[in-house]
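Note sheet for the following structure.
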Amino acid sequence: MFKHILIPTDGSDLASQAVDKGLALAASLGAVVTIVTVTEPFHILSTDAMQVESSRASYDADAAAYARKVLKAAQAKAAAAGVRAETHHKWHDNPYQAIIDTALGEGCDLIAMASHGRRGMAAVVMGSQATRILTHSKIPVLVFR
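The numbering of the sequence shown is the UniProt record's numbering, which starts it at 1 and goes up by one.
Take a look at the structure:
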């Protein structure tokens, strides 16, 4: 069925649970995985607390270190599950687009990801990467909640 699964993660608890579930699915199918985390580039005008408190150089260094930590943890989980995995850190203003582009570029046939399940005004204000991926992806998407 699915041979190459893309698993995006932001390192949150919910995303980490989706990594576990995605890896379990990959193990059961004998699929390989690509794990990706996406960082939004530094913007001088931002509402993101990490960007407001940082200079560009410190933001970039902190964000890269965080991405390495997230991907290293996911890679360790893949190894423990016996799943062959590669990892990518992408910088992009639109994380959903970076996720779709990575899936296409790596030849993935499924995107398996978490949704934070925001509703009401939180969904309107904050948006949802999962909703955007579901809307724009031509690759099947499995959403864990």
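Note that beta-carbon positions come from the ideal geometry of N, C-alpha and C, so glycine has one too. Quantities reported herein were computed from a predicted structural model and do not represent experimental measurements.
query = Whose CA, out of E40, T34, I99, K77, lies closest to the CA of F59?
reply = The amino acid at residue 59 is misidentified as Phe; the sequence shows Tyr. Here the closest residue by C-alpha is E40.
Secondary structure of V19, DSSP reduced to three states = helix
ask   = How would you write the range of the alpha helix (DSSP H) that A130 sits in, first residue to last?
value = 129 to 136
key: Distance, A67 Cα to D101 Cα   = 18 Å
task = Take the Cβ of G107 as the centre, count every other Cβ of all protein chains shown within 10 Å, and call the residue buried at 16 or more, exposed below.
result = exposed
query = What number of angstroms, rounded off, separates the C-alpha of A143 from the C-alpha of I133?
reply = In the sequence as displayed, the identity of residue 143 is Val instead of Ala. Their Cα atoms are separated by approximately 10 Å.
query = Can you round the beta-carbon distance between T34 and V19 to whole angstroms, since I take them to be within the 8 Å contact cut?
reply = Contact flag wrong, Cβ pair sits at about 12 Å.
query = With burial defined as no fewer than 16 other Cβ atoms inside 10 Å of the residue's Cβ, what is the status of S28: buried or exposed?
reply = exposed
query = Which residue from Q129, L23, A64, M113 puts its Cα closest to that of H89?
reply = A64
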